[in-house]
Amino acid sequence: MGTTQAGANEYGLVQSNTGPFKLNSFRVIERNTVAEQYKVVGYLNGQPVVGAEKLFVPVKGSFYTVDFSNDNAFQNIDEFRLYAETSVKLDFDDLLVSDPIVASTDAAAPLITMQPQGRTVAIGDVATLTVDATVSDGGTLSYQWYRNTVNSTTGGVPIIGATSPTYAAPTSSVGTTYYYVVITNINIEVNGNMAMTATSDAAAVTVNAGAPTFISAATAAFAENQSGTVYTAVATGTGTIAYSIAGGADQSKFGIDSSTGALTFIGAPNYEQPSDADGNNVYEVAVKATDAAGNSTKNVSVTVTDINDVSVSVADNGHISNNSITKQVTAGQTAGITFMTPEHDHSFLYIYDVLENEGTYPGGFYSYDGNDDKVRLLIQSEAGYTFDLSSFKFAADLDEAQQIQVTFTSGGENYSDTYPISQDGSEGYTILNAFDHSIDDVSQVELTVNGYAEFQDFEIADIRAALASGLTVSASDVTGAGTDGKTDISVTETAGAGNKFIYKDFAGSTVTVPFVGESVTGYDDLPSDGIIAASNGDKIAIAEVNANGKVVRFGQITAVVIAEPAPISAINSVTVTPETASVVQGGTEQLTATVDAVGGAATAVIWSSNDGSGKVTVNASGLVNAASDAAPGTYTITATSTFDGTKKDTATITVTAAPAVNSVSVTPETASVVQGGTEQLTAAVDAVGGAATAVIWTSNDGSGKVTVNASGLVNAASDAAPGTYTITATSTFDGTKKDTAAITVTAAPAVNSVTVTPETASVVQGGTKQLTATVEVVEGAARAVTWSSSDSGGKVTVNASGLVRVASDAAPGTYTITATSTFDGTKADTATITVTAAPAVNSVTVTPETASVVQGGTKQLTATVEVVEGAAGAVTWSSSDSGGKVTVNASGLVRVASDAAPGTYTITATSTFDGTKKDTAAITVTAAPAVNSVTVTPETASVVQGGTKQLTATVEVVEGAAGAVTWSSSDSGGKVTVNASGLVRVASDAAPGTYTITATSTFDGTKKDTAAITVTAAPAVNSVTVTPETASVVQGGTKQLTATVEVVEGAAGAVTWSSSDSGGKVTVNASGLVRVASDAAPGTYTITATSTFDGTK
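For any residue, its number in our numbering is found by taking its place in the sequence shown, counting from 1, and adding 167.
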């Protein structure tokens, strides 16, 4: 076949001229003296094919067949090169090639990085579902969302228009719907399956019925002294909605219809006497709407408005003249309203400050008619005005007045009605609040009551002025040519300063006469000459209005229009519009001819152009057309009357040059870009006439690896084939104008592969494993890798050097460790790490968790230990009681000492294998029944012989021990005793001294207390001795006696003296002095001294 030579480290080249081929074999014979090792490398599009390398050593001096039948990498190449270490000379023979075998490559399947998440929302809320996905082969992702009635990603219904990564699920009805999305990657560059799909998880969107939603406003206005619906609450919700009042500072003022939501005032509000919480006539109330799903509230503010009250006070008495007073009232218009009493003898009008006997009501009129002894009040409007009387209030004496008579004048006619007066429960006077029989369009109202009455709070509405008049108007025909359909209006009067006349043609309709001061619509200014368009017999209204447009005077007339003789046909003029216009080459301009014709003359015209070249033409309808090659300049277009050729007009058309692009220039013209790099190109467009300077950029690379965006930025893909590509900028205005740049793509450093060893490993919980990454690179690309773990929980990690660490609590299972090239993130390899469980204690459980143990008792606890991988199941028991009163032994038996303090103690069972695994039981120690103490009060007492003393025993017990005691005395002689209730009794002959009384607990005989009782002797008189025992006293003499009293224990030593002489002649005084009367009978008398303490002594 031929001979190939190559120098040291060089190659010989065999290249196809017809495209790729499959290399099957060839023969070589080496001419060198020493056998060499050779390398064959396959190429495609100038780049080495991955894996297409083969080494061989031929037999010196004979043909050697190099066979590629098992080398799949050589199945699709367009050249191969032979490399040698030294200069060689080889003969080739029998080169065998066949059609290329191209490996089938499918589009990559999309990788879903974020699944759509389910949502639970209320009706009407937003429920947006989102999915994120990536694709590794540069393909284009598309999305299609599906809905399903079950939790499944098959059998769903595609949602029309739902083709983006996000989808707003409908929430207008209650229920649960499942949604999923199918993501498709389309890659037209592959030679296999160009479309691959991935399906997301199903996401449930649950729509619950929300609480009602108010759609009615938050404010309302309501006129005072009225009744009816103030505001209607409206809400949307589920099923029937019930309305109620839920709060607000003024909620007590309102009622509400639960079905319709109609809110009403319970009592008609009064603007002058606001009863809302803050007195500003804005009533605050909260309205609640309730349905099956819940309830919601809305705060509503109701503003009460004034209805033109006519209020008076006693200060107005000074303005009453001839029993009459006038008030200016504005109700639409402003007029004087007069209140008076009929002029009769003894009539009078008076204003009270407050209604008599009613201290809380504002004052009103008392109007007395002395002619018939009745209360009469006349209400009159200013001349030329009428009014509406909406309501008023009055007080009347029911003893005299049973009804009120209302007489009024309307439209010149008099009317009369009577209304009964109702008693409201008060005595004497009654208040008729808001007399609401509205009396409309009246000039006078008379109120009559047969008896005492007072009137107040008149509500005046809709004051209207009298109809306007005062203008004298005439009409006449307008003569002369062209005056048909016109009449001449003349007004006799002259308009006032600043005023003007206006008119309106009512044609055949009745003229509406305005009120004085009214603003009218549909009127036009009357021309200064008075000539207006009209038909004969039309009704013409003329009004004089002031500078504010208000009617001052008014008149009307019938139009007079007489037809004129038919005119002679003629053309007065022809007018072309526009007069001048500018038209670009290739453009058009529409001209219009207006013909002023009379007498029925034809209005047609003939159009013509002065351009003899035929480049600027005009058609029969006046459309001017400038050809694209018409010479720029000025042209004349003429419109000539077909009726009268002397009548014509012209327009001047200026033709301007059309926009154009002269050239496009791309800079730089050439550039070199490495694979994966970019280059910014610029297009300069030379344009005239305002032509657009935009360009469209394109690349001649059909593979899409070398692209250019709309701003001229060239992007060479990292796998773009090296070579020269053409980038073109084409004018958007003129596609024939373009320029190119030559972009040379050069090879970039690359990573061919990353290999992790070992591919699989088993690691026990808490263990490690060293992995190694081998990186195959070309063109000096970096060999570094970054290590990552699939375990998002951080239990199975890998460090920068590939050392895998498994946490002791990592979940057993399979984890993926990835080594990714730092130079090319698409190059990576993985190792599968299988984590196996280490011996462990999962949990310790103590039962029971709580227990109550009485002092001195026990409780058996049990510890259940859950272990894996054969870990020991033993535990150690411990108690939180450092005092050693509540203990637990090795088998979990809790012992409570009899003197353990009541309370809660913690018993802990701790795994002997893993001290972090433990559980506790709460032991509540309760006190045993006991008597803590017995206390006797008082502790000491002194009791006189024959006396008693009540003692009390207080027994302190716990846990329901008996609180009874037994009483005992230390006196064995039975003179000092105590009964079962603690009452001590001392006999009168008890020996004085100290005795012990004891109270002993019947529950615990060791618990007792004592009281010391001291018995004292009782006071006594032992004897009384009188000295001298005998004495002789002469009549009329005295004798002093002395009484000596022997006492013990402080008994009283006093005595009383007495004489045996009942005749009173021999007496003794309190100090023992005996007196003998001079006439006392001589003899023996006994004088006695007796103890006052003890009469026996």
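No residue lacks a Cβ here, since even glycine has one placed at the ideal position from N, Cα and C.
Owing to the predicted nature of the structure, the values given are computational and were not obtained by experimental measurement.
Contact with chain C by residue i, beta-carbon distance below 8 Å
i    : result
V372 : Included in the structure is just one protein chain, with no chain C present.
With 16 other Cβ atoms within 10 Å as the buried cut-off, status of residue i
i     : result
D458  : buried
F554  : buried
L180  : exposed
N354  : buried
N586  : Going by the sequence as given, residue 586 is Tyr instead of Asn. Exposed: under 16 other Cβ atoms inside 10 Å.
A978  : exposed
T1234 : buried
S534  : buried
Y528  : Note on Y528: pLDDT 45, under 50, position unreliable in the model; the coordinate value appears next. With 16 or more other Cβ atoms within 10 Å, it is buried.
E1196 : exposed
I1074 : buried
F515  : exposed
E549  : buried
E756  : buried
Q495  : exposed
DSSP bridge partner residues for residue i (one or two, in chain order)
i    : result
Q623 : K560
M361 : Bridge partners of M361: none, in fact.
L880 : Q847
I738 : A764
F756 : The sequence given here places Glu at residue 756; Phe does not occur at that position. E756 is bridged to V791.
F381 : A402
Range of the contiguous beta strand (DSSP E) that encloses residue i
i     : result
K455  : 449-458
K815  : 815-823
M507  : 500-507
S1109 : 1107-1111
Y535  : 532-536
E580  : 580-587
D1081 : Looking at the DSSP string, D1081 is not in any beta strand (DSSP E), and its letter there is neither H nor E.
R248  : 246-251
T981  : 980-988
N191  : 189-197
Y310  : 307-315
Residue i and residue j closer than 8 Å at C-beta
i     : j     : result
V822  : P799  : yes
T845  : V931  : no
P155  : P267  : This structure cannot settle anything about residue 155, because the visible part of the chain is limited to 168 through 1264.
L1118 : I1090 : no
G1113 : A1154 : yes
V207  : I244  : no
K671  : S740  : no
Q282  : D368  : yes
A748  : A838  : no
F559  : R631  : no
Q1022 : V1063 : yes
T1115 : V1151 : yes
E946  : A915  : yes
T874  : S866  : yes
V454  : A413  : yes
L1077 : V1103 : Sequence inspection shows Thr at residue 1077; the Leu mentioned does not correspond to that position. Cβ distance not < 8 Å, so T1077 and V1103 don't count as in contact.
Cβ-based neighbour list, residue i, same chain, cut-off 6 Å, excluding 5 preceding and 5 following
i     : result
A818  : V743, E746, L758, I804
D958  : Y982
T1107 : A1179
G933  : S975, A1005
Same chain only: Cβ atoms within 7 Å of residue i, ignoring 5 sequence neighbours per side
i     : result
N448  : Y438, P441, T470, V471
I863  : T897, T899
D238  : K221
T1087 : V1013, T1073, I1074, T1075
Neighbourhood of residue i by C-beta distance below 8 Å, restricted to the same chain and skipping five residues each side
i     : result
G1262 : none
G526  : Only weak support is given to the placement of G526: the predicted model assigns it a pLDDT of 42, under 50, and the question is left unresolved by the model.
T1268 : In the structure as shown, the chain begins at 168 and stops at 1264. Residue 1268 is therefore absent and cannot be evaluated.
V965  : L938, W954, S955, S956, V971, R972, I984
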